[in-house]
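Residue numbers (UniProt numbering): 1 to 385.
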Amino acid sequence: MKYMGSKRAMLLNGLGELLEKEIVNTTRFVDLFTGSGAVARHVAQRYDVPVLAADLQTYSVALAGSVIKRQRKLDGAKIWSLWEASAMEFLKKHGRIPATPKRLTKISVESQRSWCEKQTRLPITAAYGGHYFSAHQSAWLDALRATLPNNNFAKQAALAALIQAASHCAASPGHTAQPFQPTPTAKKFLLEAWHKDVARQVERNLLVLADMVAKRKGVATKIDANLLAEKLSQGDLVFIDPPYSGVHYSRFYHVLESVASGRPGKVSGVGRYPQVRRRPRSRYSVQTESIAAFDDLLRSISNCGARVIVTFPNHKCSNGLSGYLVQKIAAKHFDVVRKSVASRFSSMGGTSDNRGDQAGREARRNARELILTLTPRLRETTLPA
Numbered sequence: 001m002k003y004m005g006s007k008r009a010m011l012l013n014g015l016g017e018l019l020e021k022e023i024v025n026t027t028r029f030v031d032l033f034t035g036s037g038a039v040a041r042h043v044a045q046r047y048d049v050p051v052l053a054a055d056l057q058t059y060s061v062a063l064a065g066s067v068i069k070r071q072r073k074l075d076g077a078k079i080w081s082l083w084e085a086s087a088m089e090f091l092k093k094h095g096r097i098p099a100t101p102k103r104l105t106k107i108s109v110e111s112q113r114s115w116c117e118k119q120t121r122l123p124i125t126a127a128y129g130g131h132y133f134s135a136h137q138s139a140w141l142d143a144l145r146a147t148l149p150n151n152n153f154a155k156q157a158a159l160a161a162l163i164q165a166a167s168h169c170a171a172s173p174g175h176t177a178q179p180f181q182p183t184p185t186a187k188k189f190l191l192e193a194w195h196k197d198v199a200r201q202v203e204r205n206l207l208v209l210a211d212m213v214a215k216r217k218g219v220a221t222k223i224d225a226n227l228l229a230e231k232l233s234q235g236d237l238v239f240i241d242p243p244y245s246g247v248h249y250s251r252f253y254h255v256l257e258s259v260a261s262g263r264p265g266k267v268s269g270v271g272r273y274p275q276v277r278r279r280p281r282s283r284y285s286v287q288t289e290s291i292a293a294f295d296d297l298l299r300s301i302s303n304c305g306a307r308v309i310v311t312f313p314n315h316k317c318s319n320g321l322s323g324y325l326v327q328k329i330a331a332k333h334f335d336v337v338r339k340s341v342a343s344r345f346s347s348m349g350g351t352s353d354n355r356g357d358q359a360g361r362e363a364r365r366n367a368r369e370l371i372l373t374l375t376p377r378l379r380e381t382t383l384p385a
């Protein structure tokens with residue numbers, strides 16, 4: 001799955017080893033900004049510790065929950081066979097779907113968009129068809145979303161597979177802030193994306209997810225990290241990979257959020273954005289609030305006596321935080337062990353946002369990533385006289 005700041009690479013570059021070391025004597029692992037769910041799934045599959053994964057966005061909770069809440073494998077092939085058949089029956093009821101053009105022109109793209117916008121009974125198609133997806137792709141996304149399996153665990157795995165497929169097939173540089181346009185330079189990328197097979201991608205994802213299981217049953221929940229931090233316990237090991245962008249992540253991943261909910265609502269603009277009230281807001285993506293938010297977060301966790309692992313790019317980011325500030329704030333509340341590792345960040349197409357070097361991770365950028373291990377300080381106790 002295409003995701004800004006995904007921890008999959010770091011799990012092989014120091015983070016995985018640190019988790020294995022720190023997980024000892026842990027009663028629960030808590031992933032406060034679970035994002036793609038990579039770290040939550042990694043821990044759930046390897047260690048006999050329940051995982052609590054949290055995020056502000058529905059699709060993130062769905063991705064993590066599809067594995068960490070389940071302790072048995074699923075029959076992915078059987079689930080897919082029944083699901084695909086139901087989706088095909090669903091599509092038959094909606095008439096002929098325009099074929100994806102073999103070459104793109106402004107006229108052929110407009111034809112796709114015109115048909116899609118009229119499909120009021122296919123919400124994903126009406127919102128994103130002819131933009132992020134071809135008419136054929138978006139209709140399949142609607143059909144599969146409308147016919148998810150009834151069994152709870154199968155439904156969770158199927159929804160996660162659908163979200164991953166939407167990310168893989170979206171006609172955009174990476175995240176879904178804006179789709180490719182049929183310009184001379186971009187239309188080849190648009191054409192390539194539009195010809196990806198959504199159904200086959202969902203099937204592949206489902207078969208992989210069906211084989212993943214947690215050693216202990218976990219929980220995935222949609223909640224603000226700072227609110228959850230107030231409810232943590234001394235035996236928790238908390239993983240924090242906070243936002244680094246000065247733009248809300250809901251702008252980058254609104255398409256995935258719509259697939260997760262099945263309700264895009266009214267959209268507008270080149271990016272086909274939903275209404276602001278439907279897009280989660282994070283203090284961590286506001287320059288004037290991010291430092292205080294992070295300080296509040298670590299203070300709450302310190303008061304609970306939990307241990308923490310923090311990852312953050314070792315440079316100044318567009319939300320006002322930097323590796324230096326993150327470490328400085330951490331040192332106010334914990335004893336800190338610092339490690340820096342080489343990494344190659346990707347903003348999946350997001351570059352400077354007109355902020356120069358302060359724009360966070362460029363599209364492809366060699367950089368250093370901080371890994372901080374935070375241990376609560378011993379508190380002084382007053383002995384009775």
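Each residue gets a CB set at the ideal place from its N, CA and C atoms; glycine is no exception. Small disclaimer: the values here were computed from a predicted structure and weren't measured.
Asp211 sits in coil when the DSSP states are folded into three classes, being neither helix nor strand.
If you draw a straight line from the Cα of Ala158 to the Cα of Leu11, it comes to about 25 Å. With the rule of 3 Cβ pairs closer than 8 Å, the segment 187-196 counts as touching the segment 95-107.
Asp75 carries a coil assignment under DSSP once its states are collapsed to helix, strand and coil. The Cβ atoms of Ala177 and Arg251 lie closer than 9 Å to each other.
C-alpha of Ala160 to C-alpha of Thr221: approximately 15 Å in a straight line. Per the DSSP secondary-structure output, Ala53 pairs in a beta bridge with Asp31 and Ala220. When Cβ pairs closer than 8 Å are counted between the two stretches, the segment 217-234 is seen not to touch the segment 263-279, the count staying below three. Judged by their CB atoms, Ile223 and Leu15 are not nearer to each other than the 9 Å cut-off. Judged by DSSP in its simplified three-state form, Ser258 adopts helix. By the criterion of a C-beta distance shorter than 7 Å, Lys217 is surrounded in its chain by Pro50, Lys69 and Gln71, once the five residues flanking it on both sides are discounted.
In this structure, Gln119 sits near His94, with a CB-CB distance shorter than 9 Å. The alpha helix (DSSP H) runs lying completely inside the segment 262-348 and spanning 4 residues or more are 290-304 and 323-333, given in chain order. Val247 sits in coil when the DSSP states are folded into three classes, being neither helix nor strand. Glu17 counts as exposed, since fewer than 16 other C-beta atoms from the protein chains shown sit within 10 angstroms of its C-beta. A distance below 7 Å between beta-carbons, with the five flanking residues on each side excluded, links Ala127 to the following residues of its chain, in chain order: Ser258, Pro264, Val267 and Arg272.
Within the model, the alpha-carbon separation for Leu374 versus Arg307 is close to 6 Å.
According to DSSP, residue pairing for Pro182 in a beta bridge does not occur. Comparing alpha-carbon positions, the option among Leu52, Gln275 and Leu297 lying closest to Lys332 turns out to be Leu297. Residues of the same chain with a CB within less than 6 Å of the CB of Leu191, apart from the 5 flanking positions on each side, are Leu104 in chain order. The DSSP-derived three-state label of Gly129 is strand. A residue is called buried once 16 or more other Cβ atoms fall within 10 Å of its Cβ, and Leu74 is buried on that count. Setting aside the 5 residues that flank it on each side, Thr147 is surrounded in the same chain by Ser86, Ala87 and Phe90, each with a C-beta closer than 6 Å to its C-beta; the list follows chain order. Counting C-beta atoms within 10 angstroms of its own C-beta, Glu369 has 16 or more neighbours from the protein chains shown and is therefore classed as buried. DSSP lists Val310 as the beta-bridge partner residues of Ile240. If you compare the alpha carbons of Leu32, Val43 and Arg279 with that of Lys21, the shortest gap goes to Val43.
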